[in-house]
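Worksheet: one structure, shown below.
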Amino acid sequence: MNAPVPLILTGDRPTGPLHLGHYIGSLKNRVAYQHEYRQFIMLADSQALTDNMDNPAKIHNNLLEVAFDYLAVGIDPAKTTIFVQSQVPELAELAFYYLNLVTVARLERNPTVKEEIRLRNFERDIPAGFLTYPVSQAADITAFKATLVPVGEDQIPMIEQTNEIVRRFNRTYNCETLVEARALVPEVGRLPGLDGRAKMSKSLGNALNLGASEQEISKAVKKIYTDPQHLRIEDPGHLEGNVAFIWLDAFDDDRAALEEMKAHYVRGGLADSKVKARLEACLQELLAPIRARREEFARDPAEVMRILQRGTEAAREVAARTMAEVKAVLGLNYF
Ligand code: TRP
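Note that our numbering gives residue 198 to position 185 of the sequence shown, counting from 1, and the numbers run on in steps of one.
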C-alpha cells in the first residue's frame, strides 16, 4: 500500500495585498507543494479580526485581494483547496473546546503573541480573542489533521502550542483522534524591506506588492537601500545588509553573472545604478506574468468568489468529520 499523502494546512490573514516577502517566504513553496501534497490554504479572516475588530471592512476588502494573489502566482484551485476561515464554523467550535485544555499562563508565555501584544500597545487591555488566537490556530490545523504546516519562523510557537493541545486532548480522553503537526520552515530567510529593515511589511511602507505596476517596480528599485558608504563608483562596495544584492540573491537565476557582479562591486568600480538595473530587470520579468494573471482574475471577482465558495465547501466537509469525532470523544453526541 502507498503511504498516505501528507496533508498541508497553511494560510494568511487577509489584511492587505501580498508582497515579495510573501512570495519568497511562502507562496513560491506552496505552488511547488501542491504537486506533492494534499494542500489546504486558509484565508484567516476570523483570526485577522482578533486585532482588527474596529475595522472589519479592511478584512472584508482584502479577502479577494489575497485570493487574486494566490491565483496569480499559480496556486491552482484544482490542486489546492483555498477556503475562508469564517465560513467553516467548526473551526470556532473546536477552538471553544480546546480552550479548556490551555491555561491563561501558557497563552501569556507564547513568545509570538507576547511580541505582538507589545507591538500593538495592548498593555493591560488585551482582547481575549487575541490572547487565545493560538488555540484557534490549533483548531485550524487539527480540524484537517494536517501533518505539515509551512510557516515562517515566527509561527513555530503556534505549532508547539498546537501539539501540546493535541497531546493533552488525546491523553485526557484516551483517544488518538488528533494528529500532531510539524512546522515546515523555508530555508531562505525572510526578505528584507526596501529600506533595509529586516522585515518587509505593508505597515512599514517598505514592501513591493505582487500586483505592482511597471512604474512602481521601477520607483521601488530606485530607492532601494544599498551601501551607504559606497559614495563614488571607484569605492569598494559592501554586500552585507545591501538590499539590492540580497534581493538579487533571491530573484536572479543567473548565479554566475550575479557572483561576477558581486566581486566587481566589492572590488570597486561598479555603480549602484548598474546593480539596480539588473535587479529591476529581474523583478520586471518575475512580476509581469503575475500582474497579468492578477488583472485577469480581478476582472471576474464573482468567479474568484465561486472558487473560494467551492473550496470552503470542501474544507468544511473535512472539518465537520473531525468535529463529529471530537464531539463523540467528549460525549456530546446525544442525538
Ligand atoms: N497566523 C497566521 C499568520 O498570521 C495565519 C494562520 C491562521 C495560519 N491559522 C493558521 C497559518 C493555521 C498556518 C496554519 O499568517
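Heads up, the beta-carbon is just placed ideally off N, CA and C, and yes, glycines get one too. In this text the structure is predicted, and so the values were computed from the model without any measurement.
- Pairing E193 with V148, the inter-Cα distance amounts to about 14 Å.
- Rounded to the nearest whole angstrom, the CA to CA distance from G324 to P90 is 8 Å.
- Between the ligand TRP and V164, a heavy atom-to-CB distance of less than 8 Å is present.
- Counting along the chain, no alpha helix (DSSP H) covers A196; the unbroken beta strand (DSSP E) around it starts and ends at 195-197.
- Taking non-hydrogen atoms of the ligand TRP into account, the C-beta of A108 is found less than 8 Å away from none of them.
- Between the ligand TRP and Q322, a heavy atom-to-CB distance of less than 8 Å is absent.
- With a cut-off of 8 Å on Cβ pairs, the stretch 236-243 is in contact with the stretch 256-269, counting three or more such pairs.
- Annotated as distal: T155 and V115, with beta-carbon spacing of 9 Å or more.
- Beta-bridge annotation (DSSP): T23 is paired with I54.
- With fewer than 16 other beta carbons inside 10 angstroms of its own, A16 counts as exposed.
- If you check the C-beta of M66 against the ligand TRP, you find no heavy atom less than 8 Å away.
- The residue from K232, K41, A294, Q322 with its alpha-carbon nearest to that of R203 is K41.
- Taking A333 as the centre and dropping the five residues before and after it, the same chain places the C-beta of E103 closer than 7 Å to its C-beta, in chain order.
- Runs of the beta strand (DSSP E) lying entirely within the stretch 174-247 and spanning at least 3 residues, in chain order: 195-197.
- For G24 against L62, the beta-carbon gap comes to about 14 Å, at or over 8 Å, which does not count as contact.
- Taken from the Cβ of L22, at least one heavy atom of the ligand TRP lies inside 8 Å.
- With at least 16 other beta carbons inside 10 angstroms of its own, R329 counts as buried.
- Contact annotation, D82 with L223: C-beta distance approximately 5 Å; criterion of less than 8 Å satisfied.
- Using a C-beta cut-off of 8 Å, the stretch 171-182 makes no contact with the stretch 127-134, since fewer than three inter-stretch Cβ pairs fall below that distance.
- The C-alpha of R43 is placed about 26 Å away from the C-alpha of A233.
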